[in-house]
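Report on the following structure.
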Amino acid sequence: MGKCPFCSHQWTYRQKLLGYSLKPRTRIKCPRCRAYIEPSTLTIIYDYVAIIAIALMVFIFIPVMQMAVWASIMISAGLLVIYLAVFLPFTVRFKRYDYD
Ligand SMILES: [Zn+2]
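So, in structure tokens, the structure goes:
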């Protein structure tokens, strides 16, 4: 999980969190060999699925529950944090960056 396709460097949780999750990610630099890599297609699919799931929660589930606005905001923020801090670092896979 999260291995560099060039040097086989295994990304640590911290590197994945700071170097991938919390960044706008079009291409990423490997912390060891400095080669450009990008998230694999599967990772991007996971990304969309998770974002859609969070959006569904926010727009469908929360209004149905009739919760206070602050509670909905807290839950949405909580989900986003879980997604960035837990889901992404444990599912990310990298591939070589394709130059167009
Ligand atoms: Zn590398």
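Here the sequence shown stands for residues 1 to 100, where the numbers follow our numbering.
Glycine residues also receive a C-beta, built at the ideal position from the N, C-alpha and C atoms.
All of these numbers come straight from a predicted model, not from anything done at the bench.
Where residue i falls: helix, strand or coil (DSSP)
i   : result
R14 : helix
L36 : According to the sequence as given, residue 36 is Tyr; it is not Leu. Looking at Y36 - three-state DSSP - the assignment turns out to be strand.
F6  : coil
N-terminal and C-terminal residue of the beta strand (DSSP E) that residue i is part of
i   : result
F94 : F94 to R96
First through last residue of the alpha helix (DSSP H) which encompasses residue i
i   : result
M65 : I62 to M65
A53 : T41 to L56
F90 : L88 to T91
S21 : Note, S21: premise wrong, no alpha helix (DSSP H); not H, not E.
M74 : V69 to I82
- request: Check whether the region 25-43 touches the region 57-74, taking contact to mean three or more Cβ pairs, one atom from each stretch, closer than 8 angstroms.
  value: By the Cβ test, the region 25-43 is not in contact with the region 57-74, since fewer than three Cβ pairs between them sit closer than 8 angstroms.
field: Below 5 angstroms from a heavy atom of ligand 1 - residues by beta-carbon
entry: C4, F6, C7, H9, C30, R32 and C33
query: Between the region 87-100 and the region 33-42, do three or more beta carbon pairs fall short of 8 angstroms?
result: yes
message: Can you confirm whether the region 48-56 touches the region 72-87 when touching is taken to mean that 3 or more C-beta pairs between the two stretches lie within less than 8 angstroms?
response: yes
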